[in-house]
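Step one of this worksheet: look at the structure below.
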Amino acid sequence: MRIVSLNAWGGRLHEPLIPYLADVDADVLCLQEVVRMHDADAGWLVYRDHGVELPQRASLFEELKAALPAYDAFFLPVARGDLFDGDRRFDSEFGLATFVRRTCPVIGQAAGFVHGEFSADGYGPHPRSRNAHCIRLFDYRHVYPVTIAHMHGLRDLGGKGDTPARRHQANALVELIRQVKQDGDRLVVCGDFNVLPGSETFEILASLELIDLVTSRGHDDTRTSHYRKQPRFADYMLVTPNVEVVRFDPVAAPEVSDHRPLLLDLR
Numbered sequence: 001m002r003i004v005s006l007n008a009w010g011g012r013l014h015e016p017l018i019p020y021l022a023d024v025d026a027d028v029l030c031l032q033e034v035v036r037m038h039d040a041d042a043g044w045l046v047y048r049d050h051g052v053e054l055p056q057r058a059s060l061f062e063e064l065k066a067a068l069p070a071y072d073a074f075f076l077p078v079a080r081g082d083l084f085d086g087d088r089r090f091d092s093e094f095g096l097a098t099f100v101r102r103t104c105p106v107i108g109q110a111a112g113f114v115h116g117e118f119s120a121d122g123y124g125p126h127p128r129s130r131n132a133h134c135i136r137l138f139d140y141r142h143v144y145p146v147t148i149a150h151m152h153g154l155r156d157l158g159g160k161g162d163t164p165a166r167r168h169q170a171n172a173l174v175e176l177i178r179q180v181k182q183d184g185d186r187l188v189v190c191g192d193f194n195v196l197p198g199s200e201t202f203e204i205l206a207s208l209e210l211i212d213l214v215t216s217r218g219h220d221d222t223r224t225s226h227y228r229k230q231p232r233f234a235d236y237m238l239v240t241p242n243v244e245v246v247r248f249d250p251v252a253a254p255e256v257s258d259h260r261p262l263l264l265d266l267r
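For the record, in the sequence shown the residue sitting at position 249 is 249 according to UniProt numbering, with numbers rising by one throughout.
Given below as structure tokens:
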């Protein structure tokens with residue numbers, strides 16, 4: 001089974017992103033920072049926040065669905081806010097997307113907020129709400145279930161250090177996973193956690209016997225050339241000891257975001 005986790009960066013690198021996700025041959029795609037719109041008449045709109053303007057692919061989720069017809073698609077918004085075309089405003093939903101190849105049936109799932117709650121009228125104050133999605137699949141090829149969870153962790157304007165909110169986030173993620181995972185399941189947890197390697201987040205996730213593959217295998221960079229700051233950790237993928245890791249790679253090329261895709265082959 002192949003699992004890919006990626007912060008899609010609102011589709012900002014849309015041209016290489018779509019073919020990469022279509023061609024990577026993943027069984028499960030765990031995507032953060034995905035945009036969904038119902039009535040946009042432009043391919044690109046702009047997100048504005050305190051003087052910062054970022055291009056966003058207006059219908060990224062729908063474009064991914066079209067590029068991945070053999071997958072079941074799940075979209076889990078954290079908020080609905082404005083994107084702009086000049087002075088014109090468009091309602092936009094922003095959140096997580098999970099794509100699961102239909103040959104791996106979803107036999108259980110849960111979703112919920114690990115910080116805050118859904119905002120239907122704007123993106124809300126910082127640190128903004130965050131959610132997580134956990135699914136339980138059955139792998140027909142190897143005849144066992146696999147539980148997979150991903151989240152987009154809190155972005156705190158004060159940095160990536162530990163905070164009470166991040167502690168709550170990690171505990172909430174563990175509780176969400178416990179709703180889905182059953183004894184003996186292989187477990188994979190991934191996403192853009194927005195924390196540093198020494199975060200207490202990993203101590204809390206260790207209650208599920210999870211081990212991080214990024215740091216334990218000596219990788220020190222999960223960002224691309226489009227991200228020019230330090231430190232260069234943001235994304236993580238953790239597994240339980242019963243997961244046989246065939247391959248793990250923070251993919252450096254092609255660059256499809258300011259984050260690297262995390263690619264895991266397991267059996």
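Glycine is no exception: its CB is placed at the ideal position from the N, C-alpha and C atoms.
Proximal residues to residue i (C-beta, below 6 angstroms), its chain only, five neighbours per side dropped
{"i": "Ala172", "result": "Val114"}
{"i": "Tyr236", "result": "Phe193, Asp212 and Val214"}
{"i": "Lys65", "result": "Ala73"}
{"i": "Arg80", "result": "Asp91, Glu93 and Ala120"}
{"i": "His14", "result": "Arg57"}
{"i": "Leu54", "result": "Tyr47"}
{"i": "Asp67", "result": "Per the sequence presented here, residue 67 reads as Ala, with Asp not at that position. Once the five neighbours on either side are set aside, the close Cβ partners of Ala67 are Ile18 and Ala22."}
{"i": "Arg36", "result": "Phe61, Phe75 and Glu93"}
Local conformation of residue i per DSSP, three classes
{"i": "Leu205", "result": "helix"}
{"i": "Ser129", "result": "coil"}
{"i": "Glu33", "result": "strand"}
{"i": "Tyr236", "result": "strand"}
{"i": "His115", "result": "strand"}
Span of the beta strand (DSSP E) around residue i
{"i": "Ala149", "result": "Tyr144 to His152"}
{"i": "Asn7", "result": "Arg2 to Asn7"}
{"i": "Leu264", "result": "Leu262 to Leu266"}
{"i": "Asp221", "result": "Element bounds for Asp221: n/a, residue is neither H nor E."}
{"i": "Val245", "result": "Val245 to Pro250"}
Residues near residue i by beta carbon distance below 7 angstroms, same chain, minus five either side
{"i": "Leu154", "result": "His115, Pro127, Arg130, Ala165, Arg166, Gln169 and Asn194"}
{"i": "residue 268", "result": "Outside the shown range of the chain, which is 1 to 267, sits residue 268, and nothing can be said about it."}
{"i": "Leu157", "result": "His126"}
{"i": "Val174", "result": "Ile204, Leu205, Ser207 and Leu208"}
Endpoints, alpha helix (DSSP H) assigned at residue i
{"i": "Leu213", "result": "Leu213 to Ser216"}
{"i": "Leu187", "result": "No alpha helix (DSSP H) holds Leu187; the beta strand (DSSP E) holding it covers Arg186 to Asp192."}
{"i": "Leu157", "result": "Careful: Leu157 lies outside any alpha helix (DSSP H) and carries neither H nor E."}
{"i": "residue 293", "result": "Residue 293 lies beyond the stretch modelled for the chain, which goes from 1 to 267, so this question has no answer here."}
{"i": "Leu21", "result": "His14 to Asp23"}
For residue i, the nearest candidate out of the options (CA to CA)
{"i": "Arg223", "options": "Ser257, Glu117 and Val100", "result": "Ser257"}
{"i": "Ile135", "options": "Asp162, Leu45, Ala67 and His150", "result": "His150"}
{"i": "Pro261", "options": "Pro125, Gly10, Asp185 and Leu21", "result": "Leu21"}
{"i": "His38", "options": "Leu68, Asp25 and Phe61", "result": "Phe61"}
{"i": "Asn7", "options": "Gly51, Arg186, His152 and Gln56", "result": "His152"}
{"i": "Gly124", "options": "His50, Arg141, Leu176 and Leu45", "result": "His50"}
{"i": "residue 282", "options": "Thr240, Ser216 and Glu33", "result": "Nothing can be reported for residue 282, as the shown portion of the chain is limited to 1 through 267."}
{"i": "Val34", "options": "Pro250, Leu96, Val189 and Asp265", "result": "Leu96"}
{"i": "Phe99", "options": "Pro77, Tyr71, Arg247 and Leu238", "result": "Tyr71"}
{"i": "Val188", "options": "Glu244, Arg141 and Val143", "result": "Glu244"}
Spatial neighbours of residue i in its chain, beta-carbon cut-off 8 angstroms, leaving aside the 5 residues before and after
{"i": "His259", "result": "Leu6, Asn7, Trp9, Asp192, Thr222, Arg223, Thr224, Tyr227, Ala234 and Asp235"}
{"i": "Leu176", "result": "Ala110, Ala111, Gly112, Val114, Ala132, Cys134 and Ala149"}
Check: residue i C-beta below 8 angstroms from any heavy atom of the ligand GDP
{"i": "Glu33", "result": "Of the ligands one can find in the structure shown there are none, so the ligand GDP has no counterpart to examine."}
Can you list, in chain order, the stretches of the alpha helix (DSSP H) that have 4 or more residues and sit fully within the stretch 44-113? Annotation note: the stretch 44-113 contains the following uninterrupted alpha helix (DSSP H) runs of length 4 or greater, listed N- to C-terminal: 60-67.
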